[in-house]
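The numbering used here puts the first residue of the sequence shown at 24, with every later residue one more than the last.
Structure first, commentary second.
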Amino acid sequence: MHWIVCPDEKSQAKACASIIAAQVLQKPSSVLGFATGSSPLKTYAELIEMSRQGAVSFSRVRTFNLDEYAGLPRDHPQSYSRFMWDNLFSGMNMREDQARIPNGMAADLDAECRDYEQAIEDAGGIDLQLLGIGHDGHIAFNEPGPDFSKFTHVERLNARTVEANKRFFDSADDVPRTALSMGVGSIMRARRILLAASGKDKAEIVKEAFLGPVTPSLTASILQFHGDCTIILDREAASALTYN
Ligand code: F6R
Numbered sequence: 024m025h026w027i028v029c030p031d032e033k034s035q036a037k038a039c040a041s042i043i044a045a046q047v048l049q050k051p052s053s054v055l056g057f058a059t060g061s062s063p064l065k066t067y068a069e070l071i072e073m074s075r076q077g078a079v080s081f082s083r084v085r086t087f088n089l090d091e092y093a094g095l096p097r098d099h100p101q102s103y104s105r106f107m108w109d110n111l112f113s114g115m116n117m118r119e120d121q122a123r124i125p126n127g128m129a130a131d132l133d134a135e136c137r138d139y140e141q142a143i144e145d146a147g148g149i150d151l152q153l154l155g156i157g158h159d160g161h162i163a164f165n166e167p168g169p170d171f172s173k174f175t176h177v178e179r180l181n182a183r184t185v186e187a188n189k190r191f192f193d194s195a196d197d198v199p200r201t202a203l204s205m206g207v208g209s210i211m212r213a214r215r216i217l218l219a220a221s222g223k224d225k226a227e228i229v230k231e232a233f234l235g236p237v238t239p240s241l242t243a244s245i246l247q248f249h250g251d252c253t254i255i256l257d258r259e260a261a262s263a264l265t266y267n
């Protein structure tokens with residue numbers, strides 16, 4: 024694993040955006056995997072700025088998002104589709120046909136998951152996948168459990184994730200209890216992985232996930248087995264790491 028520790032969140036976002044931009048400059052038709060949540064927000068603002076300045080063009084990329092709530096229409100203010108268009112895609116002038124996000128309103132959610140997995144494969148696989156990490160160590164919506172999920176699937180969210188995500192909704196009751204999520208297997212097939220975490224509240228889970236044993240009860244720990252995974256932290260998220 025590669026580690027990058029930045030002095031603060033701003034420099035972390037700049038570093039993260041530079042790695043993504045470098046990928047696209049090297050291969051303009053890159054397939055990018057994106058995440059939602061607080062962790063990538065500043066990175067997305069940096070990417071929009073780079074694109075506006077003409078430093079990099081996203082006109083040929085294709086993107087796949089990690090997950091989407093089941094039962095929320097695409098234009099729902101809390102859908103991940105809306106999040107991506109509001110916080111990244113519109114700012115980079117992306118076309119609708121470039122970005123794929125699981126459809127949480129599909130009549131047959133299992134069929135949607137199968138189609139999604141196939142679409143990633145048809146696109147040639149993901150070149151660079153951006154990830155955040157949940158407080159219980161989840162990546163995408165792969166919650167701790169007895170084994171690692173292989174493919175895109177319907178996942179039941181656990182109480183801690185519902186609690187963490189209620190900040191975006193009027194109340195915890197409004198947070199959907201299920202989501203469509205890429206599997207751990209789907210994520211591990213990405214050629215490169217970039218996991219971003221910032222803030223003191225992520226320090227312990229970062230240490231456990233990446234310096235502790237690999238176990239499905241801490242999903243992100245599997246990334247220790249990925250051949251090209253970079254963990255990019257601000258100083259606070261790195262504060263529990265010991266190097267001896
Ligand atoms: C979002 C996702 C989640 C988040 C994780 C951390 O698409 O896949 O795994 O990355 O819940 O969320 P934040 O960044 O809000 O702390």
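C-beta atoms are modelled at their ideal positions from N, C-alpha and C, and glycine is treated no differently.
Measuring alpha carbon to alpha carbon, tell me which of the options ends up nearest residue i.
i: Ala40; options: Leu89, Met24 and Ile71; result: Ile71
i: Ala44; options: Lys33, Ile27, Glu259 and Ala78; result: Ala78
i: Ser52; options: Gly148, His161, Asp197 and Phe174; result: Gly148
i: Val229; options: Arg123, Lys189, Leu55 and Leu246; result: Leu246
i: Leu241; options: Thr175, Arg215 and Glu227; result: Glu227
i: Leu154; options: Leu264, Lys189, Tyr67 and Leu48; result: Tyr67
i: Ala182; options: Ala146, Leu264, Asn88 and His161; result: His161
i: Met115; options: Leu132, Gly222, Asn88 and Met73; result: Met73
i: Ser61; options: Asp131, His158, Arg83 and Ala213; result: His158
Please confirm whether any heavy atom of ligand 1 lies closer than 8 Å to the CB of residue i.
i: Phe164; result: yes
i: Ile71; result: no
i: Asp109; result: no
i: Leu89; result: yes
i: Tyr103; result: yes
i: Ala187; result: yes
i: Leu241; result: no
i: Lys225; result: yes
i: Thr201; result: no
i: Ala146; result: no
i: Ile156; result: yes
i: His161; result: yes
i: Thr184; result: yes
Only counting the same chain, and skipping five residues up and downstream in sequence, which positions put a Cβ closer than 7 Å to that of residue i?
i: Lys65; result: Glu32, Lys33 and Ala36
i: Ala195; result: Val185, Glu186 and Lys189
i: His176; result: Cys136, Ser204 and Gly206
i: Pro169; result: Pro239
i: Asn267; result: For Asn267, the pLDDT reaches just 49, beneath the cut-off of 50, and the residue's location in the model is therefore unreliable, although a value from the coordinates is still provided. Nothing listed; no residue qualifies.
From residue i to residue j, what does the alpha carbon distance come to, in whole angstroms?
i: Asn110; j: Leu95; result: 18 Å
i: Glu259; j: Cys29; result: 9 Å
i: Glu178; j: Leu48; result: 35 Å
i: Asp224; j: Ala163; result: 18 Å
i: Phe248; j: Val237; result: 8 Å
i: Tyr139; j: Phe174; result: 9 Å
i: Pro167; j: Leu89; result: 17 Å
In its own chain, which residues sit with a C-beta less than 8 Å from the C-beta of residue i, not counting the 5 before and 5 after it?
i: Thr253; result: Met24, His25, Trp26, Ile27, Ile42, Arg215, Ile216, Leu217 and Leu218
i: Glu135; result: Pro125, Asn126, Ala129 and Leu203
i: Phe171; result: Asn165, Gly206, Val207, Gly208, Pro239, Thr242 and Ile245
i: Gln141; result: none
i: Gln46; result: Ser53, Leu55, Asp150, Leu151 and Arg215
For residue i, I'd like the list of residues in its chain whose CB is within less than 6 Å of its CB, leaving aside the five on either flank, ordered along the chain.
i: Thr59; result: Tyr103 and Phe106
i: Tyr92; result: Gly127, Pro199 and Ala202
i: Leu264; result: Lys230
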